[in-house]
Amino acid sequence: MNLLDHVLLGVRDLQAATDRIRREWGWGTVPGGSPVPGVSTAVVPLEPPLYLELVAATDPGASAAAAGLAALTSGGDRLFTWAIEPDDLDTRAAAFGLEPLSGGGNTGRWRLLGEVGPERPFFIEYDVARTDRLEGWQRAYTQAEHDCTPGRVTYLELGGDESRLRKWVGDIDVPLRFVGGEPRLAAAGITTSRGEIVVR
Numbered sequence: 001m002n003l004l005d006h007v008l009l010g011v012r013d014l015q016a017a018t019d020r021i022r023r024e025w026g027w028g029t030v031p032g033g034s035p036v037p038g039v040s041t042a043v044v045p046l047e048p049p050l051y052l053e054l055v056a057a058t059d060p061g062a063s064a065a066a067a068g069l070a071a072l073t074s075g076g077d078r079l080f081t082w083a084i085e086p087d088d089l090d091t092r093a094a095a096f097g098l099e100p101l102s103g104g105g106n107t108g109r110w111r112l113l114g115e116v117g118p119e120r121p122f123f124i125e126y127d128v129a130r131t132d133r134l135e136g137w138q139r140a141y142t143q144a145e146h147d148c149t150p151g152r153v154t155y156l157e158l159g160g161d162e163s164r165l166r167k168w169v170g171d172i173d174v175p176l177r178f179v180g181g182e183p184r185l186a187a188a189g190i191t192t193s194r195g196e197i198v199v200r
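Counted the way UniProt numbering counts, the sequence shown spans residues 1 to 200.
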């Protein structure tokens, strides 16, 4: 079974977005990093080890990824994409004839499969097992000092071709709702101590 790892929310201004999320939803954040040149992040810890990652293009000229993110968020903050932790990254890579890419940052090393873009999710495999990451994510959850405590992701709403997306995603631990139209992550439901919040 593949597992949802995190959801990415594209934002125009990282500080303004963290302030708005605290004000509107009662969620705190912890510092993120810079996964690629020209992109900075902040993290809303959800039920460990799930998280919502805020991604902002701080220098659109620094990389193609930053330029694409800047274009995506030019009309305002919006969901960007989502990441799946597969049960076996190499098996999925072989099935699609793709080669995983290696990367790393302040939280450790990882391997990615698929483009990080709005059309479909990407797969991520860490150098630390999921169970061994729980303690660190629990600390982050406490550090965020949420006013309204978030929990798990209840569903993802997706645009695009359902059969093609299901073939790419495989079996996953979160319900998927398909709404047609352009390929995109349209919405994510998240439980909280005050009821479900829908992020779009």
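Idealized CB from N, CA, C, for every residue including glycine.
Neighbour-count burial assignment, residue i, 16 or more Cβ in a 10 Å radius
{"i": "residue 50", "result": "buried"}
{"i": "residue 188", "result": "buried"}
{"i": "residue 158", "result": "buried"}
{"i": "residue 42", "result": "buried"}
{"i": "residue 128", "result": "exposed"}
{"i": "residue 104", "result": "exposed"}
{"i": "residue 123", "result": "buried"}
{"i": "residue 38", "result": "buried"}
{"i": "residue 14", "result": "buried"}
{"i": "residue 142", "result": "exposed"}
{"i": "residue 175", "result": "exposed"}
{"i": "residue 156", "result": "buried"}
{"i": "residue 16", "result": "exposed"}
{"i": "residue 95", "result": "exposed"}
{"i": "residue 81", "result": "buried"}
{"i": "residue 198", "result": "exposed"}
Close-in-space but distant-in-sequence residues of the same chain around residue i (CB under 8 angstroms, 5 per side omitted)
{"i": "residue 130", "result": "3, 49 and 85"}
{"i": "residue 78", "result": "9, 10, 72 and 200"}
{"i": "residue 184", "result": "79, 118, 119, 158, 159 and 160"}
{"i": "residue 1", "result": "87, 171, 172 and 173"}
{"i": "residue 121", "result": "81, 82, 83, 84, 114, 168, 169 and 185"}
Contacting residues, own chain, Cβ-Cβ under 6 angstroms from residue i (five flanking each side not counted)
{"i": "residue 147", "result": "26"}
{"i": "residue 67", "result": "60"}
{"i": "residue 133", "result": "49"}
{"i": "residue 6", "result": "51, 53 and 83"}
{"i": "residue 194", "result": "148"}
{"i": "residue 140", "result": "30 and 45"}
Member of the options whose CA lies at the smallest distance from the CA of residue i
{"i": "residue 116", "options": "42, 69, 156 and 134", "result": "69"}
{"i": "residue 30", "options": "192, 137 and 193", "result": "137"}
{"i": "residue 173", "options": "19, 83 and 97", "result": "83"}
{"i": "residue 114", "options": "93, 23 and 18", "result": "93"}
{"i": "residue 109", "options": "126, 1, 165 and 135", "result": "126"}
{"i": "residue 65", "options": "166, 17, 95 and 34", "result": "34"}
{"i": "residue 56", "options": "91, 18 and 22", "result": "18"}
{"i": "residue 219", "options": "162, 166, 167 and 151", "result": "One cannot answer for residue 219 here, as it falls past the ends of the chain, which runs 1 to 200."}
{"i": "residue 76", "options": "20, 91, 97 and 62", "result": "20"}
{"i": "residue 151", "options": "192, 23 and 62", "result": "192"}
Whole-Å CB distance - residue i paired with residue j, under 8 angstroms assumed
{"i": "residue 46", "j": "residue 153", "result": "7 angstroms"}
{"i": "residue 196", "j": "residue 190", "result": "7 angstroms"}
{"i": "residue 32", "j": "residue 145", "result": "That pair is no contact at about 16 angstroms."}
{"i": "residue 101", "j": "residue 89", "result": "Actually they do not touch by this definition, with Cβ atoms about 11 angstroms apart."}
{"i": "residue 58", "j": "residue 40", "result": "5 angstroms"}
Close-in-space but distant-in-sequence residues of the same chain around residue i (CB under 7 angstroms, 5 per side omitted)
{"i": "residue 62", "result": "37 and 38"}
{"i": "residue 178", "result": "158 and 162"}
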